[in-house]
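Residue numbers (my numbering): 408 to 507. No residue lacks a Cβ here, since even glycine has one placed at the ideal position from N, Cα and C.
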Amino acid sequence: AGGIWIVLDIPDDLGNTVLTILLATVMCFFLFEIVLLSLANTRSYLWTFFFWMDLLGTLSIAFEISFLMSTGDGPQESQNSANTVLLRTARAAKLGTRVG
């Protein structure tokens, strides 16, 4: 989940659902933008460096969307507390690197 989810201590079930919806919406908007720019600026946008960077950035969002990259097993019910602590520590470290 995102850094704000960690700071606000939002539960994972709710936080992951909200984050998935937000990321899927943003990805759709970015794809729509790429299509419109490709249609409007065929010569100056299509196949240029900016086109490829926009496409790469948009497609990279797919790795963050849970229903696109999950195995379909759902959440594991038998997680022990050590894995949970490790996961929260990794999230806090990720947040710390973004901040400073």
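Can a CB atom of chain B be found closer than 8 Å to the CB of residue i?
i, result
"residue 422", "Absent from the structure is chain B; it holds one protein chain and no more."
Starting from the Cα of residue i, find the closest Cα among the options and give me that residue.
i, options, result
"residue 466", "453, 431, 495", "431"
Would you kindly check if the distance between the Cβ of residue j and the Cβ of residue i is under 8 Å?
i, j, result
"residue 438", "residue 445", "no"
"residue 497", "residue 413", "no"
"residue 441", "residue 420", "no"
In its own chain, which residues sit with a C-beta less than 8 Å from the C-beta of residue i, not counting the 5 before and 5 after it?
i, result
"residue 495", "413"
"residue 350", "The displayed coordinates of the chain run from 408 to 507. Any statement about residue 350 would go beyond what the structure contains."
"residue 416", "none"
So, does the region 414-428 touch the region 468-477, judging by three or more C-beta pairs under 8 Å?
Yes: at least three Cβ pairs fall under 8 Å.
Could you pull out every unbroken alpha helix (DSSP H) segment of at least 4 residues lying fully inside the region 417-453, listed in chain order?
Qualifying alpha helix (DSSP H) stretches, in chain order: 419-447.
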